[in-house]
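J.: Protein chains in written order, with the numbering used here: chain W, 29 to 296; chain P, 29 to 296; chain V, 29 to 296; chain U, 29 to 296.
This is the structure I have questions about; it appears just below.
Number of protein chains: 4
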Amino acid sequence: MKLRVGFEMLYEFPQPTPMIMVLGTHFTRASDMIVPDFLTTDPVVEIAPYRDMFGNWCSRIVAPAGHMRLSGDGVVRDSGLPDPVFASAFQHTIESLPAETLPYLLGSRYCETDRLSEIAWKLFEKTPLGWARVQAICDFVHHHIAFGYEHARATKTAWEAYSEGKGVCRDYAHLAITFCRCMNIPARYCTGYLSDIGTPQPWAAGDFAGWFEAYIGGRWHTFDPRNNVPRIGRVLIGQGRDACDVPITQTFGPNKLTSFKVWTDEIA
Amino acid sequence: MKLRVGFEMLYEFPQPTPMIMVLGTHFTRASDMIVPDFLTTDPVVEIAPYRDMFGNWCSRIVAPAGHMRLSGDGVVRDSGLPDPVFASAFQHTIESLPAETLPYLLGSRYCETDRLSEIAWKLFEKTPLGWARVQAICDFVHHHIAFGYEHARATKTAWEAYSEGKGVCRDYAHLAITFCRCMNIPARYCTGYLSDIGTPQPWAAGDFAGWFEAYIGGRWHTFDPRNNVPRIGRVLIGQGRDACDVPITQTFGPNKLTSFKVWTDEIA
Amino acid sequence: MKLRVGFEMLYEFPQPTPMIMVLGTHFTRASDMIVPDFLTTDPVVEIAPYRDMFGNWCSRIVAPAGHMRLSGDGVVRDSGLPDPVFASAFQHTIESLPAETLPYLLGSRYCETDRLSEIAWKLFEKTPLGWARVQAICDFVHHHIAFGYEHARATKTAWEAYSEGKGVCRDYAHLAITFCRCMNIPARYCTGYLSDIGTPQPWAAGDFAGWFEAYIGGRWHTFDPRNNVPRIGRVLIGQGRDACDVPITQTFGPNKLTSFKVWTDEIA
Amino acid sequence: MKLRVGFEMLYEFPQPTPMIMVLGTHFTRASDMIVPDFLTTDPVVEIAPYRDMFGNWCSRIVAPAGHMRLSGDGVVRDSGLPDPVFASAFQHTIESLPAETLPYLLGSRYCETDRLSEIAWKLFEKTPLGWARVQAICDFVHHHIAFGYEHARATKTAWEAYSEGKGVCRDYAHLAITFCRCMNIPARYCTGYLSDIGTPQPWAAGDFAGWFEAYIGGRWHTFDPRNNVPRIGRVLIGQGRDACDVPITQTFGPNKLTSFKVWTDEIA
């Protein structure tokens with residue numbers, strides 16, 4: 029299966045404005061790139077890539093005053109298979125977790141493990157360990173949060189998503205990540221493209237998706253509490269402790285986003 | 029000058045409990061160790077060391093049910109000089125910052141840059157760039173927050189410290205870090221020992237101190253908005269994005285901390 | 029200047045075979061990447077990135093039985109200037125070396141400092157300290173070893189290269205590293221791309237190059253005893269104590285390498 | 029049980045000589061120290077500690093010309109139990125190994141995995157995986173190498189120990205480590221004190237012991253192919269890839285070792 033993936037964002041800047049970005053298919057999917065979705069800017073400015081502490085390849089630019097178009101458009105090969113299920117993946121004891129997974133047990137900007145720990149234990153203490161526990165968390169979150177773009181808020185945390193019962197895909201992910209960490213399961217945030225293949229129409233306007241990975245059974249596994257069914261056509265862009273680590277774009281100064289498009293479409 | 033540094037924490041655990049710890053003098057001060065303040069446990073348990081993504085050497089143990097004493101007691105050489113002041117340290121443009129400092133511009137668990145950005149710009153937009161701006165932030169924070177151990181709360185964030193106007197040293201540090209990041213100055217959290225040398229008596233009971241470092245003039249510089257004067261006898265233990273990254277101790281299970289002592293005393 | 033850099037390796041595996049790899053431009057050159065030379069595999073397999081103790085970002089995969097193509101192809105910006113020369117770089121006393129350079133004084137798999145110490149002192153005791161001493165080592169090694177791909181041997185050590193007087197670029201590097209360490213100068217191995225720009229034709233078939241860095245004058249400096257002239261178009265891939273630490277590829281099982289291509293070409 | 033542990037080394041130096049040392053009980057045993065075996069020097073010189081990349085606390089000094097006595101003498105608590113056996117510890121697939129264990133699969137100065145791989149597979153291919161395989165390796169090495177201090181040689185590698193069939197404890201360890209790595213089991217070298225408790229007299233003169241740890245069943249386990257029975261009173265000093273990483277002492281200049289004593293004795 030081939031997917032056309034890409035994005036277009038139009039900005040207006042009153043003054044020259046530095047930006048950092050985590051955009052474009054993750055380097056671990058390079059083998060699948062038929063046409064790479066490299067970042068392009070209009071007007072042309074120098075793009076300085078860098079690698080963050082999570083291994084993501086990021087970009088920085090200084091946008092001049094005026095209009096700026098950021099875009100990328102590529103074609104990526106995909107297995108066409110739904111997210112795999114490893115129902116027997118076991119839960120590690122904390123003492124047997126690889127050291128590199130331990131940061132993913134701690135709190136982070138949008139994942140207040142300290143505030144949600146008691147609730148997590150009440151909710152999930154009796155669920156089976158491992159894959160089943162992560163799935164139980166996803167099931168709870170999927171039903172607890174009502175989806176709606178009108179509920180999106182850049183500052184919304186897992187605790188707030190839990191209390192308000194409303195949110196968008198990243199809030200589902202943050203709440204499930206927080207619960208996993210409270211239950212001693214390392215969990216990290218993922219952002220990427222996600223196709224609508226196999227889901228009933230009408231389809232919502234394209235957007236980047238947020239999901240997460242849990243470390244069980246000796247490796248990281250994909251979970252998506254927003255959709256909560258194995259999905260087809262998931263293409264990773266970036267990974268971190270939560271959405272704060274992998275900003276699609278972060279602008280250092282005032283700006284106006286006048287248009288925002290993302291696509292993830294099957295092509296012949 | 030020689031400082032005796034150390035700590036003693038007494039815990040009660042109802043069941044075997046994994047812990048991770050960032051305790052003991054930081055490896056960058058290794059050459060100053062006369063007697064190392066190595067972590068000891070009573071009862072004796074296996075200690076597994078590991079290095080986190082910030083370079084801190086951390087420890088993990090599984091504490092058995094019952095009483096547990098964690099302690100360390102060492103002697104460290106110190107210059108005896110107050111924190112240095114580099115008043116001419118310039119502020120980097122964002123595009124000239126080394127890539128490894130960029131994570132310290134983003135939000136983190138206790139530093140909600142997104143929520144405090146507008147306030148930061150209102151407060152500090154007219155201050156001179158560089159060292160003076162960081163000092164202006166420290167001055168504001170020092171006067172804005174009223175110190176009191178009764179205001180300590182494990183979940184308290186910079187935003188909450190700002191709103192409540194009350195806190196302990198780590199709240200001062202978190203608020204100043206957040207303001208720095210909002211003003212495009214990378215800032216990271218530090219935890220360590222801090223002596224009372226040169227300050228008027230009576231001295232408060234010993235505790236670990238929280239301060240921060242700002243990246244200006246091509247390097248990291250120490251700032252301490254809680255005390256807001258150059259201090260003598262500061263010994264780093266750990267560094268990270270905020271207190272969440274460098275937990276003195278983090279217990280994975282219920283527990284009771286029955287005693288807590290820290291010392292940082294000049295010795296002959 | 030722009031360089032097209034990349035590689036293609038064809039393997040045959042009789043059975044599923046785990047591999048680890050240090051491939052692709054080093055993160056310290058990230059800001060020079062115009063088109064990244066990300067690792068691609070055919071057939072597509074999952075790539076798990078990790079960071080080693082030297083800071084290199086590495087990859088691991090499990091290659092299925094059958095044919096496997098590993099490749100990367102990118103474009104990197106370069107100053108176009110030859111390797112810099114700092115003829116006045118001083119030699120550190122051992123006691124003034126930063127602690128993090130000390131591992132690069134010790135022996136390693138291909139650098140038997142214990143066996144070559146006496147020879148090193150006889151050869152280089154009277155040379156001036158610092159840059160001149162490292163250059164004297166490079167001059168000796170450059171003339172002592174006769175280059176020839178037919179002399180390449182995966183197990184060849186510095187001692188063997190010295191005794192046989194034959195080798196390839198990595199043997200030159202290993203011998204010079206070993207002599208440097210024997211003379212108390214920290215030295216580390218580098219692997220990367222190296223263009224032929226500025227050298228007389230005909231050019232040899234492309235290959236990864238091995239060179240080294242010596243710690244003098246407070247920083248690491250590039251030396252290349254194989255070529256022994258400042259070269260243009262050098263792009264780091266990985267660093268370690270010797271070639272053992274930065275395996276281009278390491279296969280855990282039987283395999284056949286049927287084709288191997290590397291390119292580092294100036295483009296318009 | 030209490031063990032008195034310590035060492036005394038007498039040196040003669042014709043000129044001021046820098047040294048680095050990995051001496052004294054490992055920091056992970058700090059809880060067991062009743063009297064610490066800190067390094068002392070006579071004449072008194074400044075001791076600069078540092079932490080290496082394996083986490084060991086090391087020391088460096090500059091010994092003046094003339095006589096130098098290095099010593100340490102401490103008392104350490106010990107369980108008195110023999111090395112534990114976890115016969116069911118499973119072998120990890122390479123792809124499920126924590127990234128931090130991967131360096132311990134590669135070759136190192138004294139462990140030529142490249143030269144011993146074929147032999148290893150011939151010898152151990154049919155042994156059961158996990159603990160049993162490591163034990164089979166220890167059994168082979170224990171019988172293959174004839175012990176004798178007259179066979180000690182600073183430059184002796186695993187390959188040479190295998191070929192000559194003679195060696196001392198560190199050669200046993202190096203050969204077993206190399207075989208483990210060839211069989212895809214991470215293995216690291218340990219140096220420390222080892223008492224004679226429970227072994228028949230007469231006892232050899234005291235010395236530091238070399239053994240190793242293998243990563244199986246989600247953690248590091250102790251193995252000692254020299255003795256090849258669980259032993260009592262083992263006190264770790266340092267860990268690394270092989271003996272090269274944890275030099276008891278490494279002198280940077282000519283010297284004469286005139287006396288060498290090590291003790292590990294049960295005390296009342």
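By construction, the Cβ of each residue, glycine as well, lies at the ideal position given by its N, Cα and C atoms.
Quick one: residues in its chain with C-beta nearer than 6 Å to the C-beta of U/LYS289, no 5 flanking neighbours on either side, listed in chain order?
T.: Position 261 of the fourth sequence, counting from 1, holds the residue named residue 289 of chain U. Excluding residues within five positions, the ones whose Cβ falls inside 6 Å are GLU36.
J.: Can you tell me whether V/VAL297 is buried or exposed, with buried defined as 16 or more other CB within 10 angstroms of its CB?
T.: The question about residue 297 of chain V has no answer here: the residues shown for chain V are numbered 29 through 296.
J.: Please report how far the alpha carbon of W/LYS194 lies from the alpha carbon of W/ASP167, in whole angstroms.
T.: Walking along the first sequence from the start, residue 194 of chain W turns up at place 166. Walking along the first sequence from the start, residue 167 of chain W turns up at place 139. So the alpha carbons of these two residues sit roughly 15 Å apart.
J.: List, in order along the chain, the chain W residues whose C-beta lies closer than 9 Å to that of V/VAL33?
T.: Residue mapping note: residue 33 of chain V aligns to position 5 of the third sequence, counting from 1. Per Cβ cutoff of 9 Å: no residues; V/VAL33 is ~14 Å from chain W at best.
J.: Specify the secondary structure class of V/PHE168 as computed by DSSP and reduced to three states.
T.: Position 140 of the third sequence, counted from the first residue, corresponds to residue 168 of chain V. Three-state DSSP puts V/PHE168 in a helix.
J.: Spatial neighbours of U/ARG216 within its chain, please: CB distance less than 6 Å, with the 5 preceding and 5 following residues excluded, ordered by chain position.
T.: As a first step, residue 216 of chain U must be located in the fourth sequence, where it is residue number 188. Closer than 6 Å at Cβ, skipping near neighbours: TYR132, GLU241, GLN267.
J.: For the region 109-128 of chain V, enumerate the residues whose C-beta is nearer than 9 Å to any C-beta of chain P, in chain order.
T.: The residues in question are ALA127.
J.: V/ARG97 and V/LEU157 - do their beta-carbons sit closer together than 8 Å?
T.: Counting from 1 along the third sequence, the entry for residue 157 of chain V is found at position 129. Counting from 1 along the third sequence, the entry for residue 97 of chain V is found at position 69. No, Cβ-Cβ distance for V/LEU157 and V/ARG97 is not below 8 Å.
J.: Residues in its own chain within less than 7 Å of V/ARG105 by CB, not counting five upstream and five downstream?
T.: Locating residue 105 of chain V in the third sequence gives position 77, where the first residue counts as 1. Cβ neighbours of V/ARG105 beyond the five flanking positions: LYS30, ASP60, ILE62.
J.: So, under 8 Å CB-CB, W/PHE152 and W/ALA204 are touching, yes? Tell me the CB distance rounded to an integer number of Å.
T.: Looking up residue 152 of chain W in the first sequence gives position 124. Looking up residue 204 of chain W in the first sequence gives position 176. Actually they do not touch by this definition, with Cβ atoms about 11 Å apart.
J.: Taking the straight line between their C-alpha atoms, what separation do you get for W/PHE114 and W/TRP159?
T.: Against the first sequence, residue 114 of chain W aligns to sequence position 86. Against the first sequence, residue 159 of chain W aligns to sequence position 131. So the alpha carbons of these two residues sit roughly 7 Å apart.
J.: Entirely within the region 128-165 of chain V and at least 4 residues each: give me those alpha helix (DSSP H) ranges in chain order.
T.: Runs found: 141-152.
J.: Assuming P/SER116 and W/SER136 form a contact by the criterion Cβ under 8 Å, report the distance between their Cβ atoms to the nearest whole angstrom.
T.: Numbered from its first residue, the second sequence carries residue 116 of chain P at position 88. Numbered from its first residue, the first sequence carries residue 136 of chain W at position 108. P/SER116 to W/SER136, Cβ: 35 Å. No contact.
J.: Closer than 8 Å, CB to CB, is V/ILE48 near chain W or not?
T.: For the purposes of this step, residue 48 of chain V is taken as residue 20 along the third sequence, with counting starting at 1. Not an interface residue.
J.: With DSSP collapsed to three states, give me the class of U/ALA15.
T.: Nothing about residue 15 of chain U can be reported from this structure: the residues present for chain U run from 29 to 296 only.
J.: Mapping DSSP to helix, strand and coil, what is V/ASP56?
T.: By one-based count along the third sequence, residue 56 of chain V stands at place 28. This sequence places Thr at residue 56 of chain V; Asp is not what is there. Three-state result, V/THR56: helix.
J.: Whose C-beta lies closer than 6 Å to the C-beta of P/ILE89 among residues of the same chain, with five residues either side of it excluded?
T.: In the second sequence, counting from the first residue as 1, residue 89 of chain P sits at position 61. Contacts found: MET47, VAL73, ILE75.
J.: Is the CB of P/CYS208 under 8 Å away from at least one CB in chain W?
T.: Position 180 of the second sequence, counted from the first residue, corresponds to residue 208 of chain P. So, not an interface residue.
J.: Within 8 Å (strictly less), CB to CB, does P/VAL90 reach chain W?
T.: Indexing the second sequence from 1 puts residue 90 of chain P at position 62. Yes, P/VAL90 lies at the interface with chain W (some Cβ there is under 8 Å from its Cβ).
J.: Which residues of the region 231-256 of chain U have a Cβ closer than 9 Å to any Cβ of chain W? Give them in chain order.
T.: From the region 231-256 of chain U, only GLY245, GLY246, ARG247 have a Cβ closer than 9 Å to chain W.
J.: Leaving aside the five residues before and after W/SER87 along the sequence, list all residues of the same chain whose C-beta is less than 6 Å from its C-beta, in chain order.
T.: Here the question's residue 87 of chain W lines up with position 59 in the first sequence. Once the five neighbours on either side are set aside, the close Cβ partners of W/SER87 are MET49, LEU67, ILE75, PRO77.
J.: May I ask you to list, following chain order, the residues of the region 134-148 of chain U that have a beta carbon less than 7 Å from some beta carbon of chain V?
T.: Within the region 134-148 of chain U, the residues whose Cβ lies closer than 7 Å to some Cβ of chain V are LEU134, GLY135, SER136, ARG137, GLU140, ASP142, ARG143, listed in chain order.
J.: Quick check for students: name the residue ranges of the beta strand (DSSP E) that lie wholly in the region 207-286 of chain W, counting only runs of 3 or more.
T.: Counting only runs of 3 or more, we get 215-222, 237-244, 247-251, 262-268, 277-279.
J.: Given that U/MET81 touches chain V, what residues does it touch there, using C-beta distances under 9 Å?
T.: As a working mapping, residue 81 of chain U is identified with position 53 in the fourth sequence. The answer, in chain order, is MET81, PHE82, GLU128, PRO131.
J.: Does the separation of the CB atoms of W/VAL169 and W/PRO253 fall below 8 Å?
T.: Mapped onto the first sequence, residue 169 of chain W falls at position 141. Mapped onto the first sequence, residue 253 of chain W falls at position 225. Cβ atoms of W/VAL169 and W/PRO253: closer than 8 Å.
J.: Suppose the cutoff is 8 Å on Cβ atoms and the five residues either side in sequence are ignored; what does the same chain contact list for W/THR185 look like?
T.: Counting from one through the first sequence, the residue named residue 185 of chain W turns up at place 157. Cβ within range, chain order: ARG137, TYR138, CYS139, GLU140, HIS202.
J.: Counting only beta-carbon atoms, is U/SER59 nearer than 8 Å to chain P?
T.: On the fourth sequence, residue 59 of chain U is found 31 positions in, with the first residue counted as 1. Interface residue, yes.
J.: Closest by CA to P/GLU192, which one among P/CYS210, P/HIS171, P/ARG209, P/CYS208?
T.: Start at 1 with the first residue of the second sequence, and residue 192 of chain P comes out as number 164. Nearest C-alpha to P/GLU192: P/HIS171.
J.: Assign P/ARG97 to one of three DSSP states: helix, strand, or coil.
T.: Taking the first residue of the second sequence as position 1, residue 97 of chain P is located at position 69. Reduced to three states, the DSSP call for P/ARG97 is strand.
J.: For a contact meaning CB atoms closer than 7 Å, what does W/TYR78 contact in chain V?
T.: Within the first sequence, the letter at position 50 stands for residue 78 of chain W. Result: ALA58, SER59.
J.: Whose C-alpha, out of P/THR277, P/GLY176, P/ARG259, P/ARG209, is nearest the C-alpha of P/GLY226?
T.: If you number the second sequence from 1, residue 226 of chain P lands on position 198. Among P/THR277, P/GLY176, P/ARG259, P/ARG209, the Cα nearest to that of P/GLY226 belongs to P/ARG259.
J.: Using the C-alpha atoms, what's the distance from P/ALA148 back to P/ARG161?
T.: Residue numbering aside, residue 161 of chain P sits at position 133 when the second sequence is read from its first letter. Residue numbering aside, residue 148 of chain P sits at position 120 when the second sequence is read from its first letter. So the two alpha carbons sit approximately 11 Å from each other.
J.: Rank W/ARG32, W/LEU51, W/GLY108, W/THR53 by C-alpha distance to the C-alpha of W/GLY261 and give the top, closest one.
T.: Taking the first sequence and counting its residues from 1, one reaches residue 261 of chain W at position 233. Per the Cα distances, W/GLY108.
J.: Could you name the residues of the same chain whose beta carbon sits closer than 6 Å to that of V/GLY238, not counting the 5 residues immediately before and after it, in chain order?
T.: Counted from its first residue, the third sequence places residue 238 of chain V at position 210. The answer, listed in chain order, is CYS197, ARG198, ALA201, THR219.
J.: Ignore the nearest five residues each way along the sequence and tell me which others in W/ASP142's own chain have a CB closer than 8 Å to its CB.
T.: For this step, residue 142 of chain W is matched to residue 114 along the first sequence. The answer, listed in chain order, is GLY135.
J.: Relative to the alpha-carbon of V/THR155, which residue among V/GLY102, V/GLN119, V/TRP231, V/PRO126 has its alpha-carbon at the smallest distance?
T.: The residue given as residue 155 of chain V occupies position 127 in the third sequence. Comparing Cα-Cα distances from V/THR155 to each of V/GLY102, V/GLN119, V/TRP231, V/PRO126, the minimum goes to V/GLN119.
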